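S.K.: Residue numbering for the sequence shown follows my numbering, starting at 385 and increasing by one per position.
Here a beta-carbon is modelled for each residue, glycine too, at the ideal position from N, C-alpha and C.
Remember, predicted model here, so these are calculated numbers, not experimental data.
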Amino acid sequence: MNTTGKRKWMTEEILELMEKRRLAKPNKVYHKEINKEIKRKCDQAKEKWLNEQCEEIEKELYKEPKAMYKRIQEITGRKASSKSGCIKSKDGSIIMEKDKKLERWSEYISELFDDDRNKDLTLQGIPEGPEIMREEVENTIKNMKAGKATGPDMISTEMMQALEGIKLDAITKMLNTIYDTGEKPKEMLQSIFITLPKKLGATECEQHRTISLMSHMTKVLLRIIMKRIRNKVYKEISDNQCGFIEGKGTANAIYIVRQIIERTLEVNKDLYVCFIDYTKAFDRVRHEEIITILQQLNIDGKDLRIIKNIYWEQKAAVRVEEETSNFQNIKRGVRQGCVLFPDLFSLYSEMIMRQIEEMEGLKIGGHNINNIRYADDTVLTADSEEKLQELLNKVVEESKNKGLKLNSKKTESMIITRKTSIPKCEIKIEENTIKQANSFKYLGTQTTSDGRHHQEIKSRIAQAKASFQQMKSIMTNIKISIVVRKRLLETFIETVLLYGCEAWTIDERMKSSLEATEMWFLRRMMRIPLTAKKTNEEILTEAQTTRQLMTKIRKRQAKFVGNVIRRNQLEHLVKTGKFDGKRGREAEEDQEKRCWTAWRTG
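1) For a test of the three-state rule: what should DSSP assign to C626, helix, strand or coil?
2) For the region 876-889 against the region 827-844, do three or more pairs of beta-carbon atoms, one drawn from each stretch, fall closer than 8 Å, so that the two count as touching?
3) Would K568 and E396 qualify as a contact pair, given that the criterion is a beta-carbon distance under 9 Å?
4) Which ranges would you report for the alpha helix (DSSP H) in the region 863-913 if only whole runs of at least 4 residues count?
5) Taking the alpha-carbon positions, what's the T534 to I418 distance?
6) Under 9 Å, do Y732 and E782 count as touching if we go by C-beta distance?
7) Between the alpha carbons of S823 and F729, how many angstroms are there, rounded?
8) Between L606 and K686, what straight-line distance do the alpha-carbon atoms span, to the nearest angstrom?
9) Would you identify the three-state DSSP class for R612, choosing helix, strand or coil?
10) Measuring CB to CB, does I818 end up less than 9 Å from S851?
11) By the DSSP assignment, the beta strand (DSSP E) with K715 in it spans what residues?
12) Quick test of the definition: if touching needs 3 or more C-beta pairs under 8 Å, does the region 804-815 touch the region 843-863?
13) With DSSP as the reference, please indicate the residues paired to D796 in a beta bridge.
14) Near A821, which residues of its chain fall below 6 Å by C-beta distance, leaving aside the five closest residues on each side in sequence?
15) Enumerate in chain order the residues of its own chain whose CB-to-CB distance from L496 is below 6 Å, with the five nearest sequence positions on each side excluded.
16) Where L724 and K474 are concerned, what is the direct C-alpha to C-alpha distance, given to the nearest angstrom?
17) Are G750 and L775 touching if we call contact CB-CB under 9 Å?
18) State the DSSP-derived secondary structure class of T832, mapped to helix, strand or coil.
19) Can you tell me whether Q941 is buried or exposed? The criterion is at least 16 other CB atoms within 10 Å of its CB, across all chains shown.
20) Please classify E515: does DSSP put it in a helix, a strand, or coil?
21) Under three-state DSSP, which class holds P581?
22) Excluding five sequence neighbours on each side, which residues of the same chain lie with their C-beta closer than 8 Å to the C-beta of I862?
23) Compare the C-alpha of E571 against each of K918, A701, S833, T663 and name the closest.
24) If you run the structure through DSSP and keep just helix, strand and coil, what is M737?
25) According to DSSP, I363 sits in a beta bridge with which residue or residues?
26) Output needed for L486: all residues of its chain with C-beta closer than 6 Å, excluding positions within five of it in sequence on either side, in chain order.
27) Grab me the residues of M909's own chain with a C-beta within less than 8 Å of its C-beta, minus the 5 sequence neighbours each way, in chain order.
28) So, at 7 Å on beta carbons, what are the nonlocal neighbours of G717 in its own chain, with the 5 sequence-adjacent residues on each side left out?
29) Between T587 and I748, which are expected to be in contact by the criterion C-beta below 8 Å, what is the C-beta distance as a whole number of angstroms?
30) Measuring CA to CA, which of Q437, E491, K430, A408 is closest to F711?
31) Can you list, in chain order, the residues of its chain with a C-beta nearer than 6 Å to that of S540? Leave out the 5 residues immediately preceding and following it.
32) If you follow the alpha helix (DSSP H) that A637 is part of, which residue opens it and which one closes it?
33) Inspect the beta-carbon positions of E512 and D684 and report whether they are closer than 9 Å.
34) Quick check on the DSSP output: the beta strand (DSSP E) that includes V763 runs from which residue to which?
35) Alpha carbons only, please: which of Q508, R647, K786, I923 is nearest the one belonging to R689?
36) Taking the straight line between their C-alpha atoms, what separation do you get for F604 and I949?
See below:
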């Protein structure tokens, strides 16, 4: 299939028919027949391609959200720009010239990853570790994703996956030599940074993410080591961490926070929370601290030596508009793009949060809960302003000891209460008073000081309608069958609408809004104007469907709660554990209303 250009559904058969049509211009009758055939084939090819995209999106829905949104951009033809036309120098002046931009980025990378670390860190003892088996190498290469950008050595995943027999044996032998000696070719120690703006119009270097493009051969070695040490690493990670953990995701962190909010309000208590924002957390991790932590886990000496040597000997350059700077030493940070980065950062942040483990936060089912984390997104919880301030002070202190810094401008506090007049609280990071928010966007969901879901659900509806409008040319195209368009609605639009719905408590008003949104989509897909005065039932019949949105929400909630109960982790504790306090009549009525709503919408 020819996938060049915007029409990725185009086939060779259609292109051949187009050529025939071009040659048949003198014969008007034949030209007209071919033209009809081309239109028919185009409709069929487009439907087939859209169906294939839906199948892929369904696979990626929970496992690979980034890949999912990339596929959405392919279908809609809209792509967020990953380039910034200009950047600012240190003194704030605008830089437009390519060579000067490259120079500025090189300067920024040098400063960002500079650190006063021990140049000659020596590991104690004789390194030991089991030989790397051919099966380990083969399985690792087979499970690597195709289509990924190459590192400086220009060896792609597809190249390695095409290897077999003697060539695979040669790679295994090479990796064992590296594993036994600790010495690696310089190409395996080099990486290229690409810069991605965090928001549109970003002109400051600090407003960009740096993603590392590494050698895929290095990734093979590190994946093997990662599998060997993962069990020891995971044993150290508490249930409070939901990021980078297999079987967990943003839904878990959102659910825990929402349950804590609802159940605290049920017992007529105020909840004091602090949403922590770190400044470049991944880029400030100290390498010596990482090695010290790994030594305490008693991992194999050869594994430790490989990790240590990679971090001490690594060099990186930055790529700007296809131009690459000189390579320079990277003295701190876990690089986004390195396969070890998620596990190492989780371990690093765990050592910080372990220092507040015994400090009072909330008592839930006899357990002390004072923090919930998703990667570096951290929420502190307490039942008083004083306790919250003490927790924050300790986190600031321990983070500073580990080289991390909290962003006082983006870190915010909140009191979640049933009171009509929200109490004031003055929480500080050192001498800086942080903002007390009435609304905060946590992991893409809106958390408000009244503890309700209304604002979040309204926001989800608005975002889903905006997504529909982006795909309007497809969603309202009557040449595409309604079956395919309904599938597109489910996989692309409802994905946006139902994000975080596992934690929703839906009252009658919100139920009506969601059902109205469902009909809003169908009316536009069927091209039925409001002036047509057709009832919802008539539209549902024409669309060959029934109301399904509320059923989908209940099913997703039931499935999630089922997983929570089976796992018996923190999610289960906040769902079933006893909260200190006495439930008032209003809380009991709210609880009863939720139960009845659940039955009505189930």
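M.R.: Per the coordinate set shown:
1) The residue labelled residue 626 in the question sits at position 242 within the sequence shown. Note: C626 maps to coil in three-state DSSP.
2) yes
3) Looking up residue 568 in the sequence shown gives position 184. Looking up residue 396 in the sequence shown gives position 12. It is not a contact, given that the beta carbons lie outside the stated cut-off.
4) 866-872, 878-881, 892-909
5) As a working note, residue 534 is residue 150 in the sequence shown. As a working note, residue 418 is residue 34 in the sequence shown. Each residue's alpha carbon lies about 44 Å from the other.
6) Taking the first residue of the sequence shown as position 1, residue 732 is located at position 348. Taking the first residue of the sequence shown as position 1, residue 782 is located at position 398. No, they are not a contact pair.
7) For the purposes of this step, residue 823 is taken as the residue at position 439 of the sequence shown. For the purposes of this step, residue 729 is taken as the residue at position 345 of the sequence shown. Going by the C-alpha atoms only, they are around 28 Å apart.
8) For this step, residue 606 is matched to residue 222 along the sequence shown. For this step, residue 686 is matched to residue 302 along the sequence shown. Distance between the alpha carbons of L606 and K686 is about 12 Å.
9) Walking along the sequence shown from the start, residue 612 turns up at place 228. Reduced to three states, the DSSP call for R612 is helix.
10) Translated into positions along the sequence shown, residue 818 becomes position 434. Translated into positions along the sequence shown, residue 851 becomes position 467. Contact flag unset, no.
11) Taking the first residue of the sequence shown as position 1, residue 715 is located at position 331. It is not in any beta strand (DSSP E) - K715 carries neither H nor E in the DSSP assignment.
12) no
13) Reading the sequence shown from its first residue, position 412 is the one you call residue 796. Residue identity check: residue 796 is Glu in the sequence provided, not Asp. In DSSP, E796 forms a bridge with F659, K819.
14) Residue numbering aside, residue 821 sits at position 437 when the sequence shown is read from its first letter. Taken in chain order, the residues that qualify are E796, M798.
15) Translated into the one-based positions of the sequence shown, residue 496 becomes position 112. Counting only Cβ-Cβ distances below 6 Å, and skipping sequence neighbours, we find D667.
16) As a first step, residue 724 must be located in the sequence shown, where it is residue number 340. As a first step, residue 474 must be located in the sequence shown, where it is residue number 90. Their backbone Cα atoms lie some 32 Å apart in a straight line.
17) Here residue 750 refers to the residue found at position 366 when the sequence shown is read from its first residue. Here residue 775 refers to the residue found at position 391 when the sequence shown is read from its first residue. Not closer than 9 Å, so no.
18) In the sequence shown, residue 832 corresponds to position 448, counting from 1. The answer is strand: DSSP assigns T832 an E or B state.
19) Looking up residue 941 in the sequence shown gives position 557. Classification of Q941: buried, given that the 10 Å Cβ count is 16 or more.
20) To locate residue 515, count along the sequence shown from 1; it is residue 131. It is coil, neither helix nor strand.
21) Residue numbering aside, residue 581 sits at position 197 when the sequence shown is read from its first letter. Residue state, collapsed to three classes: strand.
22) Within the sequence shown, the letter at position 478 stands for residue 862. Here the set comprises R911.
23) By 1-based counting over the sequence shown, the position of residue 571 is 187. For E571, the nearest C-alpha among the options comes from A701.
24) Taking the first residue of the sequence shown as position 1, residue 737 is located at position 353. DSSP places M737 in helix when its eight states are reduced to three.
25) Nothing about residue 363 can be reported from this structure: the residues present for the chain run from 385 to 986 only.
26) Position 102 of the sequence shown, counted from the first residue, corresponds to residue 486. For L486, where only same-chain residues beyond five positions count, the Cβ hits under 6 Å are V704, E707, S709.
27) Numbered from 1 along the sequence shown, position 525 holds the residue referred to as residue 909. Result list for M909: M859, T860, I866, R869, K870, L873, A927, in chain order.
28) For this step, residue 717 is matched to residue 333 along the sequence shown. F497, F666, D667, R668, V669.
29) By one-based count along the sequence shown, residue 587 stands at place 203. By one-based count along the sequence shown, residue 748 stands at place 364. Incorrect: roughly 45 Å between the Cβ atoms, too far for contact.
30) In the sequence shown, counting from the first residue as 1, residue 711 sits at position 327. It is E491.
31) Counted from its first residue, the sequence shown places residue 540 at position 156. T534, listed in sequence order.
32) The sequence position of residue 637 within the sequence shown is 253, counting from 1. Unbroken alpha helix (DSSP H) run through A637: 634-650.
33) Taking the first residue of the sequence shown as 1, we reach residue 512 at position 128. Taking the first residue of the sequence shown as 1, we reach residue 684 at position 300. Yes, they are a contact pair.
34) Translated into positions along the sequence shown, residue 763 becomes position 379. Note, V763: beta strand (DSSP E), 761-766.
35) Taking the first residue of the sequence shown as 1, we reach residue 689 at position 305. Comparing Cα-Cα distances from R689 to each of Q508, R647, K786, I923, the minimum goes to Q508.
36) By one-based count along the sequence shown, residue 604 stands at place 220. By one-based count along the sequence shown, residue 949 stands at place 565. It should be noted that the sequence gives Val, not Phe, for residue 604. Cα-Cα distance, rounded: 36 Å.
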